[in-house]
Amino acid sequence: MDVLLDNLELFREGFVGTLSLTATSALLALVLGLIIAGFRVSPVPPLRLFGTVWVTLLRNTPLTLLFLVAFFVVPQILFPGINSFLLAVVALGMYTSAYIAEALRSGINTVPMGQAEAARSIGMTFTQILRMIVLPQATRAALPPLSSFLIALTKNSAIAGAFNNVDLFNIQKTLSNEGYNILVIFLWITLGYLAITFTISGLFRLLERRMEVAR
Amino acid sequence: MSASVLYDAPGPKARARNVIYSVLGSLLVAGIVALILYRLYDKGEFEGAKWDIFNYSGIRENIIEGLFATLKVFAMAAALSLAFAVVLCVGRLSDHKLVRGAAGIFIELFRSIPLLITIFALWVGILDSLLPFSVSIKPMWALVLGLGIYNACVQAEVLRAGINSVPRGQREAAYAIGMRKTQVMATILMPQAIRAMMPTIISQLVVTLKDTSLGYIILFPELLQTARLIASNTTVNGDYPYVPTVIVIGSIYILLCLLLSALANWIERRGRRAKTGITPAKATPPAEAAHA
Numbered sequence: 001m002d003v004l005l006d007n008l009e010l011f012r013e014g015f016v017g018t019l020s021l022t023a024t025s026a027l028l029a030l031v032l033g034l035i036i037a038g039f040r041v042s043p044v045p046p047l048r049l050f051g052t053v054w055v056t057l058l059r060n061t062p063l064t065l066l067f068l069v070a071f072f073v074v075p076q077i078l079f080p081g082i083n084s085f086l087l088a089v090v091a092l093g094m095y096t097s098a099y100i101a102e103a104l105r106s107g108i109n110t111v112p113m114g115q116a117e118a119a120r121s122i123g124m125t126f127t128q129i130l131r132m133i134v135l136p137q138a139t140r141a142a143l144p145p146l147s148s149f150l151i152a153l154t155k156n157s158a159i160a161g162a163f164n165n166v167d168l169f170n171i172q173k174t175l176s177n178e179g180y181n182i183l184v185i186f187l188w189i190t191l192g193y194l195a196i197t198f199t200i201s202g203l204f205r206l207l208e209r210r211m212e213v214a215r
Numbered sequence: 001m002s003a004s005v006l007y008d009a010p011g012p013k014a015r016a017r018n019v020i021y022s023v024l025g026s027l028l029v030a031g032i033v034a035l036i037l038y039r040l041y042d043k044g045e046f047e048g049a050k051w052d053i054f055n056y057s058g059i060r061e062n063i064i065e066g067l068f069a070t071l072k073v074f075a076m077a078a079a080l081s082l083a084f085a086v087v088l089c090v091g092r093l094s095d096h097k098l099v100r101g102a103a104g105i106f107i108e109l110f111r112s113i114p115l116l117i118t119i120f121a122l123w124v125g126i127l128d129s130l131l132p133f134s135v136s137i138k139p140m141w142a143l144v145l146g147l148g149i150y151n152a153c154v155q156a157e158v159l160r161a162g163i164n165s166v167p168r169g170q171r172e173a174a175y176a177i178g179m180r181k182t183q184v185m186a187t188i189l190m191p192q193a194i195r196a197m198m199p200t201i202i203s204q205l206v207v208t209l210k211d212t213s214l215g216y217i218i219l220f221p222e223l224l225q226t227a228r229l230i231a232s233n234t235t236v237n238g239d240y241p242y243v244p245t246v247i248v249i250g251s252i253y254i255l256l257c258l259l260l261s262a263l264a265n266w267i268e269r270r271g272r273r274a275k276t277g278i279t280p281a282k283a284t285p286p287a288e289a290a291h292a
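Okay, structure coming up:
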């Protein structure tokens, strides 16, 4: 208990760091994932190819490698002096966007064919069909995998902490240097992560229930 | 629903528009790639001297050692996770409330702790404070244990979904001919569950393979840590060859994962073909299709 109370300020800083990294990169991942999923079903072949390459490359690259590139290569070569929080957000967001795009695409596949056919027959364009007919229905099927990918994103954000981004995982270095019992340190850190992941799964369960009523 | 249902066959106007989108999109992507390549070129990352390091046998041996370390950890973690997953899954489906509860709590707990924290905690010696005697865990075993436990929990849930997907009649028929609980699980349910879930199991193995790179953080010399060591211990004209090593090591990782994913796809296709068994004859295809 002392560990938490004596270092409340540090824990707060770490918790806020994890929370803001998770929230920002989740937002980026959702937006990118939506765009990429749209690309993957679009009528324009090069866009489809781009979507496929994006998903294949990012799903088969270790996240640690992405962070290594983001923290060691990008600042030195491409954009000197860039904010490291921004780099963590981009790396995590891009990595998760590939998974979210796949979740959305398999959600799109669950929408009955007649829906899109009916929309087409009344003259809707591709973007209209996607925006008004297919995606709203696809979201329902995609919610459970989306929730588990966002939880995975929260857990993966710990890797950024190992690369000196200030977050819950990062503060354990300071704490163990001060000589606290590691068991207690990790207990509190884990509870911090559990608080975030349980919130996400709770939110999604709420969302699922509300969407279910709409059906 | 196949993607092509979302849009009509393009007419002349739509085709022209698609060409414009294609050209614009390709130009944008090509522009971004060209910009990155130019910045890399400008910094001298494509100079022969920087890539020449891969001609040294020492560096090649380092990379091969790193690759073997990664594969070794992956093999051990995969074997551990699959074996443990079967135990956890059977525990979770047990008839005894206590066993069921314990397995459930274990799975939920380790699935929700970030994998990095499990590995890191094992590495810094959390077992010392948990156990009455002192144990020292080498980075490799921390990595193998952490990966094994975490992935076992995920795979156990996959297997459970597989067992639940086996038709109920299978289990009932097995009990009806007098099989015991263990026999039903081992000879009827588990084989069918594993077969049904093979693609998912292998794609989780791809995740295991990717996560071996967490060894980087606990300073275990696997492929990624090797890359960092090579890049930070070699100087070419007073500069560190980070970009060439990242490109080489990254390609190795992507290749390994793609190979495993390809295996998953192949098994899925094979399974689908075999499962169909005797099917009714297909409806005769339309005339044009038959000629195509």
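Chains as they are written, first to last, in full-length UniProt numbering: chain E, 1 to 215; chain D, 1 to 292. Every residue gets a Cβ at the ideal spot worked out from N, C-alpha and C, and that includes glycine.
Measuring C-alpha to C-alpha distances from Thr22(E) to each of Pro62(E), Asn60(E) and Val90(E) identifies Val90(E) as the nearest. Here Asp128(D) carries a helix assignment [DSSP, helix/strand/coil]. Judged by their CB atoms, Ile119(D) and Ala156(D) are not nearer to each other than the 8 angstroms cut-off. When rounded, the separation of the alpha-carbon atoms in Glu61(D) and Tyr240(D) is 19 angstroms. In chain D, no part has a C-beta under 8 angstroms from the C-beta of Lys173(E); the shortest such distance is about 10 angstroms.
Think of a sphere of 8 angstroms around the beta carbon of Glu45(D): the chain E residues whose beta carbon falls inside it are Ile77, in chain order. The stretch 79 to 93 of chain D makes contact with the stretch 145 to 161 of chain D: 3 or more CB pairs, one atom from each, lie closer than 8 angstroms.
Where Gln76(E) is concerned, there is no enclosing alpha helix (DSSP H), because DSSP gives it neither an H nor an E. When DSSP states are grouped into helix, strand and coil, Val236(D) belongs to the strand group.
Shown here, Ile53(D) sits in a helix according to DSSP, grouped into three states.
Put simply, of Leu206(E), Leu207(E), Gly202(E) and Gly192(E) the residue whose alpha carbon is nearest the alpha carbon of Glu13(E) is Gly192(E). Close to chain E, meaning a Cβ-Cβ distance shorter than 9 angstroms, are the following residues of the stretch 241 to 254 of chain D: Tyr242, Val243, Val246, Ile249, Gly250, Tyr253 and Ile254.
When DSSP states are grouped into helix, strand and coil, Gly14(E) belongs to the helix group. Taken atom to atom, the span from the alpha-carbon of Pro191(D) to that of Arg59(E) is near 29 angstroms.
Residue nearest to Ala138(E) within the set Asp6(E), Val44(E) and Met211(E) is Met211(E) (criterion: CA-CA distance).
Sequence-distant Cβ neighbours of Asp52(D) in its own chain, meaning closer than 6 angstroms and more than five residues away, do not exist here. Going by DSSP, Tyr95(E) is part of the alpha helix (DSSP H) stretching over Ser84 to Thr110.
Note on geometry: alpha-carbon atoms of Lys173(E) and Leu78(E) lie some 30 angstroms from one another. Remark: C-beta atoms of Ser213(D) and Leu57(E) do not approach each other more closely than 8 angstroms. Residue environment analysis places Arg209(E) among the exposed positions, since fewer than 16 neighbouring C-beta atoms fall within 10 angstroms of its C-beta. The CB of Ser176(E) comes closer than 8 angstroms to the CB of Val124 in chain D, given here in chain order.
Residue contact with chain E for Arg160(D): absent (no Cβ-Cβ distance below 8 angstroms to any residue of chain E).
For Asn181(E), the neighbours in chain D by C-beta distance under 8 angstroms run, in chain order, Ser129. Cβ neighbours of Leu150(E) within its own chain (closer than 6 angstroms, five residues either side excluded): Ala26 and Ile200. Going by beta carbons, Tyr253(D) and Thr61(E) fall inside the 8 angstroms limit. Under the three-state reduction of DSSP output, Val99(D) falls in the helix class. No Cβ of chain D is located within less than 8 angstroms of the beta carbon of Leu28(E). Under the three-state reduction of DSSP output, Gly38(E) falls in the helix class.
For Leu209(D), the CB contacts under 7 angstroms within the same chain, skipping 5 residues up- and downstream, are Phe74, Leu256, Cys257 and Leu260 in chain order. Taking a cut-off of 8 angstroms for Cβ pairs, the stretch 106 to 120 of chain D and the stretch 153 to 171 of chain E touch, as three or more such pairs fall below it. Scanning chain D for C-beta atoms nearer than 8 angstroms to the C-beta of Leu191(E) yields nothing, as the closest lies near 10 angstroms away. Residue state for Met211(E) is assigned as helix, using DSSP reduced to three classes. Cβ contact annotation for Leu219(D) (same chain, cutoff 8 angstroms, sequence separation greater than five): Pro139 and Gln225, in chain order.
Judged by beta-carbon spacing, Leu63(E) lies within the 8 angstroms limit of Tyr95(E), meaning their Cβ atoms are closer than that value. For Lys210(D), the nearest beta carbon of chain E is closer than 8 angstroms to its own beta carbon. C-alpha of Lys13(D) to C-alpha of Ser147(E): approximately 41 angstroms in a straight line.
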